[in-house]
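Peer 1:
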Amino acid sequence: MESALLVHRLHFAFTVTFHYLFPQLTMGLGLLIVILKSLALWKNDDRYNVAARFWARIFAINFALGVVTGIPMEFQFGTSWARFSRFAGGVIGQTLAMEGVFAFFLESSFLGLFLYGEKRLGRWGHWWTAFLVFLGSWISGFFIVATDAWMQHPVAYTQAADGSLALSSFWGLILNPWAWWQYAHNMSGAVITAAFVMAAVGAFYLLERKHSDLAKIFIRLGVVTGFIFSVLQLFPLGDQQGRLVAHQQPVTLAAMEALFKTDTAAPLVIIGQPDTVLQKMDNPIVIPKMLSFLTYRRWEAEVKGLDAFPRDQWPDNLPLLYYSYHIMVGLGTLFIAALLVAVFLLWRGKLFESKWMLWVLLLSFPFPYIANTAGWITAEVGRQPWLVFGLLRTEHGASPGISAGNGLFTLLGFMGMYLVMGILFLFLIRRELEHGPDIQVR
Amino acid sequence: METLWFILVAIMLVMYVVLDGFDLGAGIIHLWAARTEGERRTVIKAIGPVWDGNEVWLLAAGGTLYFAFPMLYASSFSGFYLPLMMVLWLLMLRGLGIEFRAHLEGPVWHSFFDGIFSVSSGLLAIFFGAALGNVIRGVPLQADGYFFEPLWTNFLVGPNAGVLDWYTVLMGVFAFLALASHGALYVATKTEGEINSRARRTAAWTWWGIAFLTVTSLPITLNIRPELYDNYRAHWFGWLIPLMVFAGLVGMFYFRSLGNDKAAFVSSSAYLAGMLGGAAFGLYPTVLPASTDPRFNLTIHNTASGHYGLSVGLVWWIIGMVLTTGYFVYLYRLFRGKVTASTEGY
Numbered sequence: 008m009e010s011a012l013l014v015h016r017l018h019f020a021f022t023v024t025f026h027y028l029f030p031q032l033t034m035g036l037g038l039l040i041v042i043l044k045s046l047a048l049w050k051n052d053d054r055y056n057v058a059a060r061f062w063a064r065i066f067a068i069n070f071a072l073g074v075v076t077g078i079p080m081e082f083q084f085g086t087s088w089a090r091f092s093r094f095a096g097g098v099i100g101q102t103l104a105m106e107g108v109f110a111f112f113l114e115s116s117f118l119g120l121f122l123y124g125e126k127r128l129g130r131w132g133h134w135w136t137a138f139l140v141f142l143g144s145w146i147s148g149f150f151i152v153a154t155d156a157w158m159q160h161p162v163a164y165t166q167a168a169d170g171s172l173a174l175s176s177f178w179g180l181i182l183n184p185w186a187w188w189q190y191a192h193n194m195s196g197a198v199i200t201a202a203f204v205m206a207a208v209g210a211f212y213l214l215e216r217k218h219s220d221l222a223k224i225f226i227r228l229g230v231v232t233g234f235i236f237s238v239l240q241l242f243p244l245g246d247q248q249g250r251l252v253a254h255q256q257p258v259t260l261a262a263m264e265a266l267f268k269t270d271t272a273a274p275l276v277i278i279g280q281p282d283t284v285l286q287k288m289d290n291p292i293v294i295p296k297m298l299s300f301l302t303y304r305r306w307e308a309e310v311k312g313l314d315a316f317p318r319d320q321w322p323d324n325l326p327l328l329y330y331s332y333h334i335m336v337g338l339g340t341l342f343i344a345a346l347l348v349a350v351f352l353l354w355r356g357k358l359f360e361s362k363w364m365l366w367v368l369l370l371s372f373p374f375p376y377i378a379n380t381a382g383w384i385t386a387e388v389g390r391q392p393w394l395v396f397g398l399l400r401t402e403h404g405a406s407p408g409i410s411a412g413n414g415l416f417t418l419l420g421f422m423g424m425y426l427v428m429g430i431l432f433l434f435l436i437r438r439e440l441e442h443g444p445d446i447q448v449r
Numbered sequence: 016m017e018t019l020w021f022i023l024v025a026i027m028l029v030m031y032v033v034l035d036g037f038d039l040g041a042g043i044i045h046l047w048a049a050r051t052e053g054e055r056r057t058v059i060k061a062i063g064p065v066w067d068g069n070e071v072w073l074l075a076a077g078g079t080l081y082f083a084f085p086m087l088y089a090s091s092f093s094g095f096y097l098p099l100m101m102v103l104w105l106l107m108l109r110g111l112g113i114e115f116r117a118h119l120e121g122p123v124w125h126s127f128f129d130g131i132f133s134v135s136s137g138l139l140a141i142f143f144g145a146a147l148g149n150v151i152r153g154v155p156l157q158a159d160g161y162f163f164e165p166l167w168t169n170f171l172v173g174p175n176a177g178v179l180d181w182y183t184v185l186m187g188v189f190a191f192l193a194l195a196s197h198g199a200l201y202v203a204t205k206t207e208g209e210i211n212s213r214a215r216r217t218a219a220w221t222w223w224g225i226a227f228l229t230v231t232s233l234p235i236t237l238n239i240r241p242e243l244y245d246n247y248r249a250h251w252f253g254w255l256i257p258l259m260v261f262a263g264l265v266g267m268f269y270f271r272s273l274g275n276d277k278a279a280f281v282s283s284s285a286y287l288a289g290m291l292g293g294a295a296f297g298l299y300p301t302v303l304p305a306s307t308d309p310r311f312n313l314t315i316h317n318t319a320s321g322h323y324g325l326s327v328g329l330v331w332w333i334i335g336m337v338l339t340t341g342y343f344v345y346l347y348r349l350f351r352g353k354v355t356a357s358t359e360g361y
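Line by line, the protein sequences are chains A and B. Using my numbering, read the first sequence as starting at 8 and increasing by one per residue. Using my numbering, read the second sequence as starting at 16 and increasing by one per residue.
1. Check for me: the beta strand (DSSP E) holding residue 292 of chain A runs from which residue to which?
2. Taking only runs that begin and end inside the region 89-168 of chain B, name each unbroken alpha helix (DSSP H) of 4 or more residues, in chain order.
3. Could you name the residues that DSSP lists as bridge partners for residue 314 of chain B?
4. Short of 8 Å Cβ to Cβ, which residues in the region 161-174 of chain A face chain B?
5. Roughly how many whole angstroms lie between the Cα atoms of residue 313 of chain A and residue 17 of chain A?
6. Is it true that the region 171-190 of chain A meets the region 26-40 of chain A, where meeting means three or more beta-carbon pairs spaced less than 8 Å apart?
7. Within 10 Å of its beta-carbon, does residue 289 of chain B have 16 or more other beta-carbons around it, so buried, or fewer, so exposed?
8. Are three or more beta carbon pairs between the region 257-266 of chain B and the region 309-321 of chain B nearer than 8 Å?
9. Cα separation between residue 52 of chain B and residue 60 of chain B?
10. Note down, in chain order, each residue of its chain lying with its Cβ closer than 7 Å to the Cβ of residue 198 of chain A, except the 5 sequence neighbours on either side.
11. What residues match up with residue 393 of chain A in a beta bridge as DSSP calls it?
12. Any idea if residue 166 of chain A is buried or exposed, counting beta-carbon neighbours within 10 angstroms, 16 or more meaning buried?
13. List the residues of chain A whose Cβ lies closer than 8 Å to the Cβ of residue 79 of chain B, in chain order.
14. Would you list, in sequence order, the uninterrupted alpha helix (DSSP H) runs of no fewer than 4 residues that lie entirely inside the region 260-328 of chain A?
15. Is there a C-beta anywhere in chain A that falls below 8 Å from the one on residue 135 of chain B?
16. Below 8 Å on the Cβ atoms is my guess for residue 16 of chain B versus residue 417 of chain A; work out the distance and round it to an integer in Å.
17. Given this structure, state the Cα-to-Cα distance separating residue 118 of chain B from residue 435 of chain A, to the nearest angstrom.
18. Which one or two residues does DSSP pair with residue 173 of chain A in a beta bridge?
19. Go through its chain and collect everything with a Cβ distance to residue 25 of chain A's Cβ below 7 Å, but skip five positions before and after it.
20. List the whole-angstrom C-beta distance separating residue 214 of chain B from residue 199 of chain B, where the pair is believed to meet the contact cut-off of C-beta under 8 Å.
21. Can you tell which of B:302, B:241, B:216 has its C-alpha closest to the C-alpha of residue 319 of chain B?
22. Can you give, in chain order, each stretch of the beta strand (DSSP E) that sits fully within the region 34-73 of chain B and has at least 3 residues?
23. What's the C-alpha gap between residue 438 of chain A and residue 431 of chain A?
24. Could you tell me the distance, in whole angstroms, from the CA atom of residue 185 of chain A to the CA atom of residue 248 of chain A?
25. Straight-line CA distance for residue 141 of chain A to residue 97 of chain B?
26. From the DSSP output, in three-state form, read off residue 28 of chain A for me.
27. With C-beta atoms as the reference, is residue 150 of chain B less than 8 Å away from residue 162 of chain B?
28. Tell me whether residue 182 of chain A sits in a helix, a strand or coil according to DSSP, three-state version.
29. Can you say whether residue 78 of chain B is buried or exposed, counting buried as having 16 or more other CB atoms within 10 angstroms of its CB?
30. Using 8 Å as the cut-off, can you tell me whether the region 357-368 of chain A makes contact with the region 342-349 of chain A, which would need three or more C-beta pairs spanning the two stretches below that distance?
31. Please confirm if residue 125 of chain B has its CB atom under 8 Å from at least one CB of chain A.
32. Is it true that the CB of residue 128 of chain B sits closer than 8 Å to the CB of residue 142 of chain B?
33. In chain B, which residues lie with their C-beta within 7 Å of the C-beta of residue 101 of chain A?
34. Would you mind stating whether residue 299 of chain A and residue 271 of chain A have Cβ atoms separated by less than 8 Å?
35. Which two residues bound the contiguous alpha helix (DSSP H) that contains residue 362 of chain A?
36. Where do the ends of the alpha helix (DSSP H) carrying residue 405 of chain A lie?
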């Protein structure tokens, strides 16, 4: 803990990981609430409004935590990563400022109306506020992902005499291909989290024999959207993301797969423990030739291993990268399997009576959170040792004058605050679940 | 182009102080002006639909500052590391205090959240005043454009000053009073009865403090940073700003004694805008003066983004601001008029 750089990295990693527990639900739930509000209008059925009202309260609690834990993220670019900000601010200042101007104003203006204006606004007015809140959160997501995508795959810049970067093409930045695939992959992940949470609450109510009418709506919507997006998440979204990494960051791919030696017809490791000292895989369970095929669409293709790259370009935490990537992919595959069974039972009209499947749905809600978090760890640890891939190393990005002591002081402060906030959050969510849906506008 | 962005960022910061200033001020007077649960709920409802949008002006101004003057963002945010982190904690506590109040019933919970809301509002006002004080006093910038300030050293204004010294603390107290008064006038426009008369009384006695500090802080400030006077000497139109400050101050007193809360609130807004505008006008083109050596001053020229980026930013900024103005006009019109404890919302 004497290294200021390590403290700054832990500071950002901790605050951003905690933060993203909330937006991944609200971005996905925003879409599901718009679907509920649309169904209410389309079928002229007030049960969907009741369902939307219940989820709006869950949304509000998550949104409040997402907002307050999000503010420190933007500020930390300046406080802890000043040299990075000076280096890259001329480019990514665009996307970060646009997030404030286009997303935050929209969300904050219409959230209060959405939460408390149902009577005042009428059916269509309220649908619009739900839509605008959803739109704001998805715009916000885009600009943040576009910023990260630029750090993964820097484009549209020129270097000034003092070494800092300046924007050279606005559309080049916005249309960065990495940004759009990463955005789609990320948002689909957010919808999966929300779908699982919705289905889990529905399963909980059915198992408790409470609010069964609404519980069935929750389960139906959660299972169907969850299944659609889980499939999309694997193909084409995850597959495209993987191919981008393979082509633009081959060293990251080698580290994600813990492929120490360059190999033709490389196998895909499903489970196994990488040994970074002896540079081999322990206890591997593999699918032969699969890695070559997935990466290059040829069974015999050569995949570059870590030995093809100088040591100082390897991601600096290989086991964490390897595990987070495999956890993400493994869970993503299990989601498809579980939801396929659930959709099949729903189609045959047996889902609501299948107690075991309801239990599966109830207990599985933490896993999409884990998968989304693991995905972001894969992206960020995989980019190491670079802060801006190929241009700025992480150790050159931190603020020059912040000592480890000052950094640890605020890191401990954030840990304490987030612990209390996390407890309060769970308490409030439990209260809402206990209270259940309101038939009338509260 | 840099000058234009200096003005635009300054306008966004003024918008922040005028708009979020009134809900911070409402927070400052919350425990005193609103005594019963009904009254406190009234204050929360008066700011409930708008406070989050107001606070976004700070985030958007921060983002725009990052985009237009990345070097200034990097230097000032890392230099003010500790106070900024504390501002973040206060902003978080305050946001949760307001939002979670509606989710938990019971007098103990409500007192808990009211206390958090009020204390964090007051501390934020003091921090913001002290921040402005630091920018005016100057910070120990080094040749590489960076600095680091501890929270305090010996409380003296000098090259080894901390974030807090007697001058910046004075500015903190000043901001506390100015925003308390601003918030009191806002609460007065939105309420009736007992709470309205308490808010008016708060505005009445804080006015004397503000008037006193306005008059005394001017010579002190010019003594600490005489260069602030240069732009006023060079450009006659700069004198319109002190005129606006004075008019605002007089207006606050006059309209309040007439019982016209709205006009008094507008006067207070003009006063705050004038004070900040006056500081910005005096500082230009410096954005962060160095207390070490004037050659290390950060100016709009040595901190700005590339020309192309600034030009293209102007297009989306204008589009974004037109949209934002639309949202705000719609929102404030929808929630215009007095509120009571039984008004729908929060």
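Glycine included, each C-beta is placed from N, C-alpha and C at the ideal position.
Peer 2: Checking against the coordinates, here is how it stands:
1. Along the first sequence, read from residue 1 onward, the residue named residue 292 of chain A stands at position 285. Residues 287-294.
2. 96-116, 122-152
3. If you number the second sequence from 1, residue 314 of chain B lands on position 299. Partner(s): B:301.
4. 165, 167, 171, 173, 174
5. As a working note, residue 313 of chain A is residue 306 in the first sequence. As a working note, residue 17 of chain A is residue 10 in the first sequence. Approximately 26 Å, taken between the alpha carbons.
6. no
7. In the second sequence, counting from the first residue as 1, residue 289 of chain B sits at position 274. Classification for residue 289 of chain B: buried.
8. no
9. In the second sequence, residue 52 of chain B corresponds to position 37, counting from 1. In the second sequence, residue 60 of chain B corresponds to position 45, counting from 1. Computed Cα separation, rounded: 12 Å.
10. The residue you call residue 198 of chain A lines up with position 191 of the first sequence. Around residue 198 of chain A: 35, 38, 232, 236.
11. To locate residue 393 of chain A, count along the first sequence from 1; it is residue 386. According to DSSP, residue 393 of chain A bridges with A:400.
12. Taking the first residue of the first sequence as position 1, residue 166 of chain A is located at position 159. Counting Cβ neighbours within 10 Å, residue 166 of chain A comes out exposed, since fewer than 16 surround it.
13. Position 64 of the second sequence, counted from the start, is the residue given in the question as residue 79 of chain B. What residue 79 of chain B touches in chain A: 104, 107, 108.
14. 297-303
15. If you number the second sequence from 1, residue 135 of chain B lands on position 120. No, residue 135 of chain B does not count as interfacial toward chain A.
16. For the purposes of this step, residue 16 of chain B is taken as residue 1 along the second sequence, with counting starting at 1. For the purposes of this step, residue 417 of chain A is taken as residue 410 along the first sequence, with counting starting at 1. Rounded, the Cβ-Cβ distance is 36 Å, inconsistent with contact.
17. By one-based count along the second sequence, residue 118 of chain B stands at place 103. By one-based count along the first sequence, residue 435 of chain A stands at place 428. The alpha-carbon atoms of residue 118 of chain B and residue 435 of chain A are separated by roughly 7 Å.
18. Locating residue 173 of chain A in the first sequence gives position 166, counting from the first residue. According to DSSP, which records beta bridges pairwise, residue 173 of chain A is partnered with A:165.
19. Counting from 1 along the first sequence, the entry for residue 25 of chain A is found at position 18. Around residue 25 of chain A: 76, 425.
20. If you number the second sequence from 1, residue 214 of chain B lands on position 199. If you number the second sequence from 1, residue 199 of chain B lands on position 184. Rounded, the Cβ-Cβ distance is 5 Å, consistent with contact.
21. As a working note, residue 319 of chain B is residue 304 in the second sequence. The option with the nearest alpha carbon to residue 319 of chain B is B:302.
22. none
23. Here residue 438 of chain A refers to the residue found at position 431 of the first sequence. Here residue 431 of chain A refers to the residue found at position 424 of the first sequence. Looking at the two C-alpha atoms, the distance is approximately 11 Å.
24. The count along the first sequence starts at 1 and reaches residue 185 of chain A at position 178. The count along the first sequence starts at 1 and reaches residue 248 of chain A at position 241. Taking the straight line joining both Cα atoms gives about 8 Å.
25. For the purposes of this step, residue 141 of chain A is taken as residue 134 along the first sequence, with counting starting at 1. For the purposes of this step, residue 97 of chain B is taken as residue 82 along the second sequence, with counting starting at 1. Cα to Cα, residue 141 of chain A sits roughly 35 Å from residue 97 of chain B.
26. Residue numbering aside, residue 28 of chain A sits at position 21 when the first sequence is read from its first letter. The answer is coil: DSSP assigns residue 28 of chain A none of H, G, I, E or B.
27. Sequence index remark: in the second sequence, residue 150 of chain B carries index 135 (1-based). Sequence index remark: in the second sequence, residue 162 of chain B carries index 147 (1-based). No, the pair does not count as a contact, with Cβ atoms beyond the cut-off.
28. As a position in the first sequence, residue 182 of chain A is number 175, starting the count at 1. Reduced to three states, the DSSP call for residue 182 of chain A is coil.
29. Within the second sequence, residue 78 of chain B is the residue found at index 63, counting from 1. Burial call: buried.
30. yes
31. Taking the second sequence and counting its residues from 1, one reaches residue 125 of chain B at position 110. Not an interface residue.
32. Numbered from its first residue, the second sequence carries residue 142 of chain B at position 127. Numbered from its first residue, the second sequence carries residue 128 of chain B at position 113. Taking 8 Å as the Cβ cut-off, residue 142 of chain B and residue 128 of chain B do not qualify as a contacting pair.
33. Counted from its first residue, the first sequence places residue 101 of chain A at position 94. Those within 7 Å of residue 101 of chain A in chain B are 82, 324, 328.
34. Taking the first residue of the first sequence as position 1, residue 299 of chain A is located at position 292. Taking the first residue of the first sequence as position 1, residue 271 of chain A is located at position 264. Yes. Within cutoff.
35. For the purposes of this step, residue 362 of chain A is identified with residue 355 of the first sequence, where counting begins at 1. 362-370 is the extent of the alpha helix (DSSP H) around residue 362 of chain A.
36. Taking the first residue of the first sequence as position 1, residue 405 of chain A is located at position 398. Looking at the DSSP string, residue 405 of chain A is not in any alpha helix (DSSP H), and its letter there is neither H nor E.
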